[in-house]
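Here is the structure we will look at, set down as structure tokens.
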Amino acid sequence: MARVYDNVIDFIAAGTTPETVINFQLSDSAKARLEELIYRSKTEGLEPEERRDLDKFLVLEHIMTMAKAKARQLVL
Numbered sequence: 545m546a547r548v549y550d551n552v553i554d555f556i557a558a559g560t561t562p563e564t565v566i567n568f569q570l571s572d573s574a575k576a577r578l579e580e581l582i583y584r585s586k587t588e589g590l591e592p593e594e595r596r597d598l599d600k601f602l603v604l605e606h607i608m609t610m611a612k613a614k615a616r617q618l619v620l
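So in my numbering the end of the sequence shown lands on 620, straight run, no missing numbers.
Here is the structure:
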């Protein structure tokens with residue numbers, strides 16, 4: 545199974561514009577996997593590899609949030 549953060553990496557590797565950064569959304573399968581990891585982390589716990597995947601995604605999510613904010617400044 546592809547890791548959730550692969551979605552973000554593929555997006556960045558494809559090249560971006562401010563508009564594509566602003567409009568970026570995870571794929572439905574990546575969203576579902578992320579929701580599953582978050583739910584399980586709060587209920588039954590995660591395996592070490594799953595915890596690492598979730599932690600990496602949370603860092604990438606923060607980076608994307610900051611990138612979207614910067615992109616919005618660029619298009620104004």
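Glycine included, every Cβ here is placed at the ideal spot set by N, Cα and C. None of these values were measured; they are calculated from a predicted model.
Same chain only: Cβ atoms within 7 Å of residue i, ignoring 5 sequence neighbours per side
i	result
residue 513	This structure leaves residue 513 out entirely; the chain is present only between 545 and 620.
Check: residue i C-beta below 8 Å from any heavy atom of the ligand MG
i	result
residue 558	Summarising the ligand content, the structure contains no ligands, and the ligand MG is consequently not present.
Spatially closest choice to residue i from the options, by CA coordinates
i	options	result
residue 577	561, 590 and 565	590
residue 581	560, 562, 558 and 601	601
Extent of the continuous alpha helix (DSSP H) run through residue i
i	result
residue 601	592-619
residue 573	572-586
residue 557	550-557
residue 560	Taken as a continuous stretch (DSSP letters only), residue 560 belongs to no alpha helix (DSSP H), as it is neither H nor E.
Same chain, Cβ closer than 8 Å to residue i, neighbours up to 5 away in sequence not counted
i	result
residue 566	612, 615, 616 and 619
Does the pairing of the region 562-573 with the region 588-596 give three or more beta-carbon distances under 8 Å? The way I'd put it, the region 562-573 doesn't touch the region 588-596; fewer than three beta-carbon pairs between them come closer than 8 Å.
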